[in-house]
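Notes follow the structure.
Number of protein chains: 2
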Amino acid sequence: MPATIRDVARASGVHISTVSRTFSAPHLVNPETRVRVLACAEELGYRPNRAARALITGRTHNIGLIIADIANPFFPPLIKAAEGQARHRDYHVFVADTNEDPAAEEELVHALAKQVDGVLLCSPRMSNALIEQVSREVPVVVINRQVTGLPCVMMDVGQGARAAIEHLLGLGHRQLALLGGPRGSWTNQQMRRAAGAAARSGGAELTVLGPNPPTETGGSALATQVRDSGVTAVLAYNDLMAIGLIEGLDHLGIRVPQDVSVVGVDDIALSRLTRPKLTTVATPTAAAGRTAVDMLLQHDSELRPRGGGRAAAVGDRRTTAQVMLQTELVIRDSTGPLPGRSRPGSVPDGPGPHRLADPGSPTVTTGGVVAS
Amino acid sequence: MPATIRDVARASGVHISTVSRTFSAPHLVNPETRVRVLACAEELGYRPNRAARALITGRTHNIGLIIADIANPFFPPLIKAAEGQARHRDYHVFVADTNEDPAAEEELVHALAKQVDGVLLCSPRMSNALIEQVSREVPVVVINRQVTGLPCVMMDVGQGARAAIEHLLGLGHRQLALLGGPRGSWTNQQMRRAAGAAARSGGAELTVLGPNPPTETGGSALATQVRDSGVTAVLAYNDLMAIGLIEGLDHLGIRVPQDVSVVGVDDIALSRLTRPKLTTVATPTAAAGRTAVDMLLQHDSELRPRGGGRAAAVGDRRTTAQVMLQTELVIRDSTGPLPGRSRPGSVPDGPGPHRLADPGSPTVTTGGVVAS
DNA sequence: TTCTTCACTGCAAACCTTTGCAGCAACCGG
DNA sequence: CCGGTTGCTGCAAAGGTTTGCAGTGAAGAA
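Going down the list, the sequences are from chains A and B.
Under full-length UniProt numbering, the first sequence is numbered contiguously, ending at residue 372.
Under full-length UniProt numbering, the second sequence is numbered contiguously, ending at residue 372.
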């Protein structure tokens, strides 16, 4: 039913190669011929078959985006930013969700491999070794993880966690807890290390609870543990867990921030909607999406050798940069002074969130260019 | 670099067709040969090129899912359900986001057309005529919209809106407002019609405000209008708008539900997290995702004719069913009795949500099978 | 022994497109 | 009038796979 290039050629009385050129190199064909061909194509509803084109050009003009959990509101801004950036470069993004399952992750990248020019691996749960292996099959940019030899875009959650801990120390807290995220998460490691160091150097004690599923339920399930541990302030792996925890504490009759302070990570839209509004470490998710697409497509314009070897596909790994994006602590209403010293009952509604305008572009390249 | 079928054939000393059969019809090849071929394939890291396979079989084993806005928490459960169902049938789902833009929508389905076996059009914003047109290019199942002659899965928001209005009437409200959704939304029409009828037959007045963007901001922007209109209860197009409205009213010093009652639609996870918890119309989004995939793939097993015509691709339209899924009103804390009669200050925390277990499968086929 | 059947494998066409090369006509400068 | 350039078009190979058909050898039946 769908018209092929041959149908158009027949209808317009030219060779198929002329039709092909009409679409992929219009300047090579006579204007008169061109309009005739275009008219026929229009009439027949012809659209070039991208799969067939990909077979020979080696370019699909698609990129894959693999993420752990679409339902986590952390991802949509990243997805949208990546889509927008890709669209500018005439690429499409296919999103796939792995349900936090490393096996599904691997299967997906294999399924995607031949249908896309590269994949963005976002917050991968699989091992570094496996990532390196799949990166030999298809160009990969890793988001939210550092793996040597591969292009990565990371968010400096270590710095964020440190800022959060220091904020809590400044409020007088000395008994702190960290709600760990999922096993296999690089972010989790970074936070743990940085938070631990910050707490130690502030003379405070940090209890680590976890690993846990990085969801609201994961957070609320920890409420009793948090209560029993006697801590007065908590840093959660992400906002969802923080919100879940607040919810769970509420059920136990523990108030936030009067009795316990809670800090999240991500600054998802939701964190502005809950009561109390969440103090959190804002991560530049949109910038991460844009940057990752740029890195994957940086060699876009390079010509592809015909015949000889396979395509020097997009994202040729001759220079692999590693980019670290900055995070920022946004102070809202879920943190307050240590219970003992608080002016009871009143939450300081004072200065409100002291946050700079949306980071967007202040991307800091720490890794620079690394030869591989 | 990536190994092709030819490399494997050479390595294992057989013809490429044997290699091909080893993967797509193992019973046709000698067990000994098979293990040898598999071993070589394993060693070379060979994976069949799905694009090339699709070129000849006419089946990509991919399905496209086009949605208006990934950031809307309404969609993720649907996406996940569709992915799960597809995986069972050995299909992959590619998700794409249109940013609520009808033009992007059309472009996307064209881009997807040749790379998938069918597309799920979820809450489309384009015209019915356009949908019918693209459905001639690629099999389509429409979600959240009724278009005659095409398979559709809908949620009965009309019934939901009616139930919501009746709930509000029961609480004594007579001045009602409906916060409209985006232009081009079928759901919007259904709600408007049903809510209008229910209000009329209850002797109440219904003001329609809109159209509006179906987001939290869209809701909060309407706060002053709602105040000035003097209504005492509001039904919003979706939960996001409802939550935004509550937020906006809060800034104006108007309390929910004491001063104004608010009902949302969708029952997104978030609606259980805000304070007050949202009264809302629960929609069976997961079931919708599953059902849509099933409908698209129902002719999966049919053999494809070689040569002759093009593939009788998936979702052959010989019988096109239209399925209507039921919705359910979930009463929580954002609705209360008419201000005049209320016991001031206390929100009835009483019976809590009186909701049946997650609907899941109670899917009701209203349309039955329709010849096309 | 001869014929049939069977299990397996090879051959080659087909899917739809891109692209290097060659052909061809018209035009230009000399 | 000739050699060269320019602008356009056709030819055919290539890309990786599937699959109908035909061929092979061996086993079984008559």
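Think of the CB as a built atom: it goes at the ideal place given N, C-alpha and C, for glycine as much as any other residue.
Remember, it's a predicted structure, so these values are computed and weren't measured experimentally.
B/A195: which of B/G184, B/S185, B/T207 sits nearest, CA to CA? Indexing the second sequence from 1 puts residue 195 of chain B at position 195. Distances from the CA of B/A195 to each of B/G184, B/S185, B/T207 were compared; the closest alpha carbon is that of B/T207.
Hey, is A/D97's beta-carbon within less than 8 Å of any beta-carbon in chain B? Translated into the one-based positions of the first sequence, residue 97 of chain A becomes position 97. It does: the Cβ of A/D97 has a partner Cβ on chain B nearer than 8 Å.
Burial state of A/T327 (16 or more Cβ within 10 Å): Against the first sequence, residue 327 of chain A aligns to sequence position 327. A/T327 should be labelled buried.
Three CB pairs or more closer than 8 Å across the segment 80–95 of chain A and the segment 179–190 of chain A: Look at the beta carbons and you see the segment 80–95 of chain A not touching the segment 179–190 of chain A: under three pairs across the two are nearer than 8 Å.
For the putative contact between B/L44 and B/A3, defined by C-beta atoms under 8 Å, what is the C-beta separation to the nearest angstrom? Along the second sequence, one-based indexing puts residue 44 of chain B at 44. Along the second sequence, one-based indexing puts residue 3 of chain B at 3. Between B/L44 and B/A3, the beta carbon gap of about 4 Å places them in contact (Cβ cut-off 8 Å).
Here's a check: name, in chain order, each residue in its chain whose Cβ is nearer than 8 Å to the Cβ of A/R255, leaving out the five neighbours to either side. On the first sequence, residue 255 of chain A is found 255 positions in, with the first residue counted as 1. Sequence-distant Cβ neighbours of A/R255 in its own chain, meaning closer than 8 Å and more than five residues away, are L249.
Residue of B/M155, B/F75, B/A11 minimising C-alpha distance to B/V37: Stepping through the second sequence from its first residue, residue 37 of chain B is reached at position 37. Comparing Cα positions, the closest option is B/A11.
A/F75 lies in the beta strand (DSSP E); which residues open and close that run? Looking up residue 75 of chain A in the first sequence gives position 75. Counted as a single uninterrupted DSSP element, the stretch harbouring A/F75 is not any beta strand (DSSP E) but the alpha helix (DSSP H) occupying residues 75–88.
Quick test of the definition: if touching needs 3 or more C-beta pairs under 8 Å, does the segment 96–113 of chain B touch the segment 60–75 of chain B? Contact holds: three or more Cβ-Cβ distances are below 8 Å.
Sequence ranges, beta strand (DSSP E) only - wholly within the segment 175–225 of chain A, length at least 3: Fully enclosed beta strand (DSSP E) runs of 3 or longer: 175–179, 205–209.
Distance, B/P339 Cα to B/L171 Cα: Numbered from 1 along the second sequence, position 171 holds the residue referred to as residue 171 of chain B. Numbered from 1 along the second sequence, position 339 holds the residue referred to as residue 339 of chain B. Their Cα atoms are separated by approximately 10 Å.
Note down the Cα distance separating B/T224 from B/S334, rounded to an integer number of angstroms. Start at 1 with the first residue of the second sequence, and residue 224 of chain B comes out as number 224. Start at 1 with the first residue of the second sequence, and residue 334 of chain B comes out as number 334. Answer to the nearest angstrom: the Cα atoms are 18 Å apart.
If you follow the alpha helix (DSSP H) that A/E247 is part of, which residue opens it and which one closes it? Along the first sequence, one-based indexing puts residue 247 of chain A at 247. 239–251 is the extent of the alpha helix (DSSP H) around A/E247.
Element boundaries [alpha helix (DSSP H), containing A/T18]: Mapped onto the first sequence, residue 18 of chain A falls at position 18. That run of the alpha helix (DSSP H) goes 16–24.
Cβ of A/K277 less than 8 Å from any chain B Cβ? The sequence position of residue 277 of chain A within the first sequence is 277, counting from 1. For A/K277, the answer is no, since every Cβ of chain B falls outside 8 Å of its Cβ.
Whole angstroms are fine: how far does the CA of B/D7 sit from the CA of B/I16? By 1-based counting over the second sequence, the position of residue 16 of chain B is 16. By 1-based counting over the second sequence, the position of residue 7 of chain B is 7. For the pair B/I16 and B/D7, the Cα-to-Cα distance works out to about 9 Å.
Along the chain, where does the beta strand (DSSP E) containing A/N62 start, and where does it finish? Taking the first sequence and counting its residues from 1, the one referred to as residue 62 of chain A is at position 62. Where A/N62 is concerned, the enclosing beta strand (DSSP E) stretches over 62–67.
Compare the C-beta of B/R10 against all C-beta atoms of chain A and say whether one is closer than 8 Å. As a working mapping, residue 10 of chain B is identified with position 10 in the second sequence. Interface residue (Cβ-Cβ distance to chain A less than 8 Å): B/R10 is not classified as such.
Inter-residue Cα distance where the pair is A/G345 and A/Q159: The residue labelled residue 345 of chain A in the question sits at position 345 within the first sequence. The residue labelled residue 159 of chain A in the question sits at position 159 within the first sequence. Any reading at A/G345 needs caution, since the residue's pLDDT is 40, under 50, leaving its predicted position unreliable; the model's value is listed next. Between the alpha carbons of A/G345 and A/Q159 lies a gap of roughly 32 Å.
Write down the C-beta distance between A/A81 and A/A321 rounded to the nearest angstrom, noting that I regard them as a contact closer than 8 Å. The residue labelled residue 81 of chain A in the question sits at position 81 within the first sequence. The residue labelled residue 321 of chain A in the question sits at position 321 within the first sequence. About 18 Å separates the beta carbons of A/A81 and A/A321, which is beyond the 8 Å limit, so they are not a contact pair.
Any residues in the segment 131–156 of chain B with a beta carbon nearer than 7 Å to a beta carbon of chain A? Which ones, in chain order? Residues E137.
Can you tell me where the beta strand (DSSP E) holding A/E328 begins and where it ends? Numbered from 1 along the first sequence, position 328 holds the residue referred to as residue 328 of chain A. Counting along the chain, the beta strand (DSSP E) containing A/E328 begins and ends at 328–330.
Other residues of its chain near A/C152: CB distance less than 6 Å, five sequence neighbours each side excluded: To locate residue 152 of chain A, count along the first sequence from 1; it is residue 152. The residues are V142, Q146, Q322.
Which class does B/I5 belong to by DSSP, given the choice of helix, strand or coil? Here residue 5 of chain B is taken as the residue at index 5 of the second sequence, counted from 1. DSSP places B/I5 in helix when its eight states are reduced to three.
In the DSSP assignment, the alpha helix (DSSP H) including B/L55 goes from what residue to what residue? Translated into the one-based positions of the second sequence, residue 55 of chain B becomes position 55. Note, B/L55: alpha helix (DSSP H), 50–57.
Between the C-alpha atoms of B/S135 and B/R174, what's the straight-line distance to the nearest angstrom? Indexing the second sequence from 1 puts residue 135 of chain B at position 135. Indexing the second sequence from 1 puts residue 174 of chain B at position 174. Put simply, the backbone Cα of B/S135 is about 44 Å away from that of B/R174.
Kindly say whether A/L273, judged by its beta-carbon, lies nearer than 8 Å to any beta-carbon of chain B. Translated into positions along the first sequence, residue 273 of chain A becomes position 273. It does: the Cβ of A/L273 has a partner Cβ on chain B nearer than 8 Å.
For A/Q133, name the three-state secondary structure that DSSP assigns. As a working mapping, residue 133 of chain A is identified with position 133 in the first sequence. Helix, per DSSP.
According to DSSP, is B/Q115 helix, strand or coil? In the second sequence, the residue the question calls residue 115 of chain B occupies position 115. Residue state, collapsed to three classes: coil.
By the criterion of Cβ-Cβ separation under 7 Å, what are the contact partners of A/A282 in chain B? Walking along the first sequence from the start, residue 282 of chain A turns up at place 282. None at all; the shortest Cβ gap to chain B is about 17 Å.
Could you give the first and the last residue of the continuous alpha helix (DSSP H) run that contains A/G158? Sequence index remark: in the first sequence, residue 158 of chain A carries index 158 (1-based). For A/G158, the enclosing alpha helix (DSSP H) starts and ends at 157–170.
For B/P73, return the contacting residues in chain A, with the cut-off set at a CB-CB distance below 9 Å. The residue you call residue 73 of chain B lines up with position 73 of the second sequence. Going along chain A in sequence order, the residues near B/P73 (Cβ under 9 Å) are A71, P73, P76, L270.
Please list the partners that A/E83 has in chain B, where partner means a Cβ-to-Cβ separation under 7 Å. Here the question's residue 83 of chain A lines up with position 83 in the first sequence. The answer, in chain order, is D97.
Which same chain residues, not among the five before or five after A/S123, have their C-beta less than 6 Å away from its C-beta? As a first step, residue 123 of chain A must be located in the first sequence, where it is residue number 123. The residues are A68, N144.
According to the neighbour-count rule (16 or more other Cβ atoms, all chains shown, within 10 Å of its Cβ), is B/T291 buried or exposed? Position 291 of the second sequence, counting from 1, holds the residue named residue 291 of chain B. Classification of B/T291: buried, given that the 10 Å Cβ count is 16 or more.
Anything in chain A within Cβ reach of B/L55, meaning under 9 Å, just list it in chain order. Locating residue 55 of chain B in the second sequence gives position 55, counting from the first residue. Listed along chain A are N49, A51, A52, L55, each with a C-beta nearer than 9 Å to that of B/L55.
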